[in-house]
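Protein chains in written order, with this note's numbering: chain A, 5 to 516; chain B, 5 to 119; chain C, 1496 to 1993; chain D, 8 to 358; chain E, 29 to 126. No residue lacks a Cβ here, since even glycine has one placed at the ideal position from N, Cα and C. Remember, predicted model here, so these are calculated numbers, not experimental data.
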Amino acid sequence: MNADGGLLLIAILASSLVPGLLIFFLPEERHGLRTLLNLSAAGIKLVLVGVLLLGVQRGETFEFGLTLLPGVDFVLAADALSLLFATLSSILWFVTTLYAIGYLEGSPRRSRFFGFFSLCVSATVGIALSGNLITFVIFYEILTLATWPLVVHRGTPEALRAGRLYLAYTVTSGLVLLAAVIALNLLAGSQPFASGGYLLHLPDELHGLLQIIGLALIAGFAVKAALIPLHSWLPQAMVAPAPVSALLHAVAVVKAGAFGIVRTLNDVFGLELAADLRLTDVLLVLAALTIVYGSIQALRAQDIKQRLAFSTVSQVSYIALGVAMAGPLGVIGGLVHLVHQGLTKITLFFCAGNFAETLGIHEIREMRGVGRRMPLTMAAFTVGGLGMIGLPPLAGFISKWYLGLGALEGEAAWILGILAMSSLLNAAYFLPPIIAGWMAEPEVTRPPAHKTRFESHWMLLFPTLFVAVLALLPGLLAGLELSPLGWVELIVERGYVLVPGGDMDNGTGVSP
Amino acid sequence: MIESLDPGTLYPFGGAALFALGLHGLIRRRHLILRILAVNIMGSGVFMVFLGIAARGNAPPDPVAQALTLTGIVVAVSATAFALALTVHLARLTGYAVLLPGPLQTHRDSHPDDR
Amino acid sequence: MSTASPDTLIFATGALAAVSLGLPLLASAWPWQARRIGLLGLPLAILGLLAAVGLFLDAAPGMDAPAVRVGLGGWEAPLGVTLHLDGLALAMLLLNALVALAGSLYARGYIHTAAGERQFWPLWLWLWGGLNLLVLSGDAFNLFITLEIASLSAVALVALTGDTDAVTGAMRYLLINLLGSLSFLLGAALLYGEFGVLDLQLLGELADDGPTVRMAAALMLGGLLMKAAVFPLHVWLATAHASAPAPVSGMLSGMVVAAMFYLILRLWLLIFAPLGTPALAVLLGLLGSAALVWGSLQALRAPRLKIVAAYSTVAQMGYITLAFPILILHPAAWPVVVFFAFAHGLAKAAVLMAAGTVQKAAGHDRMNALGPVLRARGRTVFALGLGGISLMGLPLTGGFLAKYLLLEAGLLAAADTTTIMQVWTALWVVMVALGSLLATAYILRMVAPAFAAGERNPGGHVSAGMEWMPLALAVGAAAMGLAGASLTGLLEHTTVAA
Amino acid sequence: MNAALLTFDFVLLAGLLGVAWRCLASTDLFRAVVLFITFGLLLAIAWVRLEAPDIALAEAAIGAGITGALLLVTLERLKHIMNRPRTDTDHDPAPPPDPVASDADAPGAAPTGDAASRAADAGNAALSCAPAPARGRWITLVVTVGLAGLLMATLATQEHDPGLQPTVAEHMDVSGVDHGITAVLLNFRSWDTLLELAMVLLAGLGAWSLGRHDALPARPTPGPVLPGAVRLLLPVAIVTGVYLLWAGSHAPGGAFQAGAVLGAAGILVSLARPHELPDPDPRLLRIGVTAGALLFLAIGLWGLFAGPALLTWPSELAYPLILIIETGATLSIALTLVALFIGGRSPREDT
Amino acid sequence: MIADLLTTVLVLAGLAFFAAGTLGLLRFPDVYTRLHALTKADNLGLGLVVLGLMLQAEGPAMIFKLALIWVLVLAAGATAAHMVAQRTWTHGEFERRE
């Protein structure tokens, strides 16, 4: 418990919180200073998370504790799992800030936007680094409060309606979570996250109660993870500006829900107890249903962002599916998909944002022949689309591959069917726009690329390309230590209780 | 029924009756002057209970209870004086000195078009 | 561990009482300088209070009885009047100091006519002083007088604006206060008749479960519930709080209502706790739930910003009334009342002062026409939002800790009682959850216009104090979220009946 | 003998309840106020019966006297406000025309002058008020009777507790005075008395904060009788006040009763000769009104620093200190009561 | 013994006058006659009662105080009666209501 470790965690949190608060009080016309603050904050956070990454890899422990109430402590801790989410969100925050600066050129109320934007990321990193369930729920609800103003940023009546719906869902889920956390705190005391769970010592007659608490926790997190039937706020929230839907609905908010489910099953109940309480089975069915439902809805959606939103609904359930399989391979598939889906989806959202901002394209059918006019963005869109479908060299394939292995390992063959069907559906709703984009004749003659050297504003193009490359890397360099797959194997190796009946074929024995 | 009807028991009963009578008047009557009188009568009822308690038993009366009553009377008169000043101020503003039971007059004068 | 010798604490208590009375007296004697007396005196008094808190925390573990009892005039308990300073009293003194300081700095800009200042500041200091003396006093009759002082100064402050609503609200508030004080006094008289003692702690030791104690409880707690605007008797609150000057309505909703609940808690802990029967628990629970729902619905319908805030006070007081049934089943959870009073005090004062700033800038506070001003004044909306978040009980604010404690106490209470009471307690827990949902609804109603698109017009000039004080209070309410442990530590040293 | 006292008690209580009920049930405000003053006097007799002469004195002087005067002057103001057509704009009306100056005709003028009668009719309207609404009559009756029953039942169970009388008697020697009530008021529970002085001051501040005072609408009847009587009564009142203050240390009397008597004298003066009423400098008036409580606290502070706690009087100095405090209190109370009778703050304060 | 007897006689006589005054108050038709009855009968009644009590008084101070009470009541009664009569005469509002 070295003190400077705790300070590092606080520094990471503060690196986006303090600039955010400063930006709030910046007068609107100070663009230069605001951009400087934004980018420097993102840069510092990246460096700090990097230092933390290396520290955790070397096995050091980082801990920060503060007692809010007797028996209730605010704990920040960094373990391998939290680093996965923290690295993902800090990288993507840097990129999205750049993108947002470009996207919001000349629009009003940017100080307010970037203020809340930084608060959101602080909350997301807080969620990643929280050391026990109560801290997790605290950051979880702060995330709600920070995202609401971004969803209603445009101020149009439907934005406000979407905001109201979003708030209704998330505040209710917050209440359910709080009640469950308090009950858990009363039963087992305020325990930090411990891989393999800290509820094993409880007597058996409490299992009924634990089941209810487990279901409540899952339901609470399911709202943000957009599982059926609690998903309807996500498509409505697409009314927000592109950077918001990109970072928040591809990375921060949705992943927070999925991360919550992972933490609950893995670090609170422990997969073994979760399986006994049949929580994993409930989650399995729910995830499977959501995958299929999400893909079907995506197929029917005509607006690009709606399609991407429903695709997110189904993709996030992969993570839930992976964890619910309770086998190490399945968990690897689920966790690695957390990163892959994040990178691929953000590429797609950036491309959608580019199309909308430069050519005013909102519908799928308007994308005919856009490849001629904006070849680079279309290329990024293709990489993203194929990644989603899961073609071999790309990231999507790896996560689906491990999910398939996990399904076999857990003797749940029907999951293989679900995975195959969803890949087909993915192809069904991603291939037509890609093909139309490249091959089809554009109906309307588009003005040639105006005088600037690139096809759209450089601050929109470069982040898109950068993220497209990032979406490629995990697929190609899967074997590396620091690649998402390598890191997930490190997580599983460090933390997982081996569920009897399935043994790791690559021989990395796992001790709790 | 009450074994001895000495003032120590009789007057507290009278005080309780006065308190109830005053409460009845406070609730029933709408005019502010009458409500202020009712509050004063309730106050006298409480002081009668206090002094009745002070005079209990055949020992000399308890000076603490009597001192409290004196303080109470002075507090009552200052509260009444302020209440009367407020009533006059209210009458000067609204033209009448009656508190209508309606809870929210503020709706009345708020902008007509935001019903 | 060097325990500060108790007599420095005794001196500190006496000094606190003397200052709480001295400042208003000075201001009343010299109203031309009342503003300067207030703005210099209050901070000094608060520094003294902080020193006293330090001394108390340092000395408390060393002392046998967890409270400092000072017999004024040198006369001990049964004969003389005793001041009673313990953790609970210090917490309320701190809240009173914070809200009064913020209100004073806010009033600097809000009341700018010389004549207005000469009338406002003496009464304002009397309200602050009266509440301090109320919290310090440990004698039943003395509590009656301090209640009267606090209520009369509050009523005079409400009527200060001089428009029809304010004076009507003030009149209604005065009558309810007089009725409440008289029933409190009658309760004290009954207790004196039975036990011949007026000091609360001695009464606590003597009190049995006889008819007198039950009748006295009904009268005293009934009177205080009337003054705290609990559901069936809350009609006066909306008009009085909405039409009073902003710093006054901040103080009324923030501190005066909380002081009444402090007194109910004090009487409960010392004397009336054994009277808690399940039937009383159900009644209080129903009252609290009705207040929660009815207050929130009214807040959702009210056309003016300050009326929304006033009805939100009625709703939030429903929370505290809900806490009592849970206290009956699980007595150790009493600090939840103080947490709620503290969190609501800071947050509501912030919201009401922010509403006052908006009203001053826009010239009116009709909700459907406030869009432009709200959009232009980011700081005030941030204060409204942050205060609102604490009222909703969302994380890392004082309200969140209070809601956490209440839910925890509710679940604990539900765990070990008879099945019927389990059902009722479950209902209370659900009502608490519903309450925070309804709170989200009406807070959203206050803040949403700021985010809707539309033209921006900052409205009239507003002084710096009126700009920053609501924000400072809101940040205070949020910071309380981190200070939960120290507040619990302070509350540990409180006299609770055997 | 006991039977006679018992009947006296029953008659007195019946009288009290009857007067109180008639007062609250009357539809004419003037009748209600007169009945209330009678109630106050009967109450004074009841306090004498309960062997509390101090309180009887206070009740008669303050409860019946001062409160009665305040009520009557409020009725006059209400009548005056109702008569003048209510113009919404002016908050502080111009001082009302004083009929003494206006109807210059001789006192023997015919009573049925139309100006006088029209004013009289409007006046009567102002003083009458609607009877209680029929709705909800029974519920309140049941509630209040139930409450009275409960209270009486509780009081019946209380046996005769000697209260604090023995403890007071035990400490009388140290208290500096030898009259029980004054000892309690100014030594044992001096904090209550200090706060009570603050309460009186606060009522004055509150009344002043509401608005400027309009000249007294009370219309003294013309002719020399009232000024003559006042010239006779004033010195007697002042002497009685000072005597009461002095007697308080060993017999019934004290600051509050003396303050009330002097206040009554002040009210009499302000009623009898409104024109020459010297408009005091507002700063002095404010200091005068606060002087009593301020002096009390200042002396109390000495106890805070030297003695064991706030408001401690050393036993040998107790008597002189108590006397100083009582004089200050009497002056302040008298001033405040007169100010409350006059109503608002002096216009000179707002310049 | 004689003093006690005398006191009872004087006080009883005083009470008789008081009764007469009250009877006058109830029976007389208008304001002026009722004023007349009250002031005359009650003052005399009080004088007798005060005389009776003077016999019981211990020292001269008590006697002087009793006499002072009587004088004050006389002065107050006279002034009050005059003012009520004056008021009725000029405004006549009381008369009409009877």
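query                                                                                                            : result
Exposure label - D/Pro285; buried when at least 16 CB within 10 Å                                                : exposed
Per-residue DSSP class, three states only, for E/Asp70                                                           : helix
Per-residue burial, C/Glu1903 [other beta carbons within 10 Å of its own, 16 or more giving buried]              : buried
Any chain B beta carbon closer than 8 Å to D/His167                                                              : yes
Short CB-CB distance (under 8 Å) between B/Leu25 and chain D                                                     : yes
D/Leu318 versus D/Glu333 - alpha carbon distance                                                                 : 14 Å
Nearest residue (CA-CA) to A/Leu269, options A/Ala278, A/Ala262 and A/Gly261                                     : A/Ala278
The stretch 16–34 of chain B in contact with the stretch 1976–1983 of chain C per 3-pair CB rule at 8 Å          : no
Bridge-paired residues (DSSP) for A/Asn136                                                                       : A/Pro196
Straight-line Cα distance separating C/Ala1844 from C/Ala1945                                                    : 20 Å
Option nearest A/Ala585 by Cα separation, candidates C/Gly1880, C/Leu1932, C/Leu1655 and C/Gly1705               : Within the shown structure, residues of chain A are numbered from 5 to 516, placing residue 585 of chain A beyond reach of any answer.
Rounded separation between D/Phe348 and C/Arg1796 - CA only                                                      : 43 Å
Chain C contact for A/Pro74 (CB, 8 Å cutoff)                                                                     : yes
CA-to-CA distance, D/Asp357 to C/Thr1608, given in whole angstroms                                               : 10 Å
8 Å Cβ cutoff, D/Leu202 in contact with chain C                                                                  : yes
Chain D contacts made by the stretch 97–120 of chain E, where a contact means CB separation under 8 Å            : Leu100, Ala103, Ala104, Ala106, Thr107, His110, Met111, Gln114, Arg115, Thr116, Trp117, Thr118, His119 and Gly120
Alpha-carbon spacing of C/Pro1820 relative to C/Leu1534, whole angstroms                                         : 42 Å
Amino acids of chain B, ordered along the chain, whose beta-carbon sits closer than 8 Å to that of D/Trp28       : Leu25
C/Pro1995 and C/Ala1878 closer than 8 Å at C-beta                                                                : Nothing in the structure corresponds to residue 1995 of chain C, since chain C is present only between 1496 and 1993.
C/Gly1955 beta carbon less than 8 Å from that of C/Val1801                                                       : Residue identity differs from the one stated: residue 1801 of chain C is Lys in this sequence, not Val. No.
For A/Val496, three-class secondary structure by DSSP                                                            : helix
Top-ranked residue by Cα proximity to B/Asn44, from B/Ala63, B/Gly61, B/Ala24 and B/Ala59                        : B/Ala24
Cross-chain neighbours of D/Trp54 in chain B, by beta carbon under 7 Å                                           : Leu55
Entirely enclosed alpha helix (DSSP H) segments - the stretch 295–375 of chain A, minimum 4 residues             : 308–328 and 332–358
Three-state secondary structure (DSSP) of D/Arg196                                                               : coil
Reference C/Gln1528, options C/Thr1503, C/Leu1550, C/Leu1817 and C/Ala1610, closest by Cα                        : C/Ala1610
Burial state of B/Ser48 (16 or more Cβ within 10 Å)                                                              : buried
Range of the contiguous beta strand (DSSP E) that encloses C/Gly1566                                             : Val1563 to Gly1566
is_contact[C/Ile1606, chain D] using C-beta, thresh 8 Å                                                          : no
Other residues of its chain near D/Asp95: CB distance less than 6 Å, five sequence neighbours each side excluded : Legend: pLDDT at D/Asp95 = 45, less than 50; position of this residue unreliable, no value from coordinates given.
Whole-angstrom distance between D/Thr164 and C/Phe1767, CA atom to CA atom                                       : 19 Å
Short CB-CB distance (under 8 Å) between B/Val79 and chain D                                                     : yes
Test item: CB-CB of B/Phe54 and C/Ala1684 under 8 Å                                                              : yes
Test item: CB-CB of B/Leu72 and C/Phe1636 under 8 Å                                                              : yes
Closest by C-alpha distance to D/Ala155, when choosing among B/Leu27, B/Gly12, B/Pro65 and B/Leu9                : B/Leu27
Within-8 Å CB hit, C/Gly1691 to chain D                                                                          : yes
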